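To keep things clear, I will list the structure first and then write my remarks on it.
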Amino acid sequence: MLWRWGAICAADELGLRVPADISIVGYDNIRNARYFTPALTTVHQPKERLGQMAFSMLLDRIVNKREDAQTIEVHPRLVERRSVADGPFIDYRR
Numbered sequence: 002m003l004w005r006w007g008a009i010c011a012a013d014e015l016g017l018r019v020p021a022d023i024s025i026v027g028y029d030n031i032r033n034a035r036y037f038t039p040a041l042t043t044v045h046q047p048k049e050r051l052g053q054m055a056f057s058m059l060l061d062r063i064v065n066k067r068e069d070a071q072t073i074e075v076h077p078r079l080v081e082r083r084s085v086a087d088g089p090f091i092d093y094r095r
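Its first residue numbered 2, the sequence shown is counted upward by one per residue in our numbering.
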């Protein structure tokens, strides 16, 4: 969580405004993200579901002596708040 606040403060120290000049996005949807100024746009991961799946996979591995790798699919979602600009966007990688 602290890196996000640090990024917002560093941008401010450089005279950059979030989101007018720079966009910042988190990746875990912590509870406090909505209280940042500006409120932090973030990617929500279903943490409870991930924990349940991990426990189920571990139990299956212990009980059934399963050793093969498993692939799980999660469906994160973007929680749009105020730390990202609407665009237009410039691709600086060119």
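Yeah, the Cβ is synthetic: ideal placement off N, Cα and C, and Gly gets one too. Predicted model, so just to flag it, every value in this text is computed and none were measured.
- For the stretch 26-88, the continuous alpha helix (DSSP H) assignments of 4+ residues that do not extend past its boundaries occur at 48-64, in sequence order.
- Only residues of its own chain outside the window of five on either side were considered, and among them Asn30, Pro77, Arg78, Val80 have a CB closer than 7 Å to the CB of His45, listed in chain order.
- CA-CA distance, Tyr28 to Lys48, rounds to 12 Å.
- Per the coordinates, the alpha-carbon of Ile63 lies some 52 Å from the alpha-carbon of Leu17.
- When secondary structure is reduced to three states using DSSP, Gly7 falls in the helix class.
- The C-beta of Thr43 has 16 or more other C-beta atoms within 10 Å across all chains shown, which makes the residue buried.
- With contacts defined by Cβ atoms closer than 8 Å, Arg82 and Ala40 form a contacting pair.
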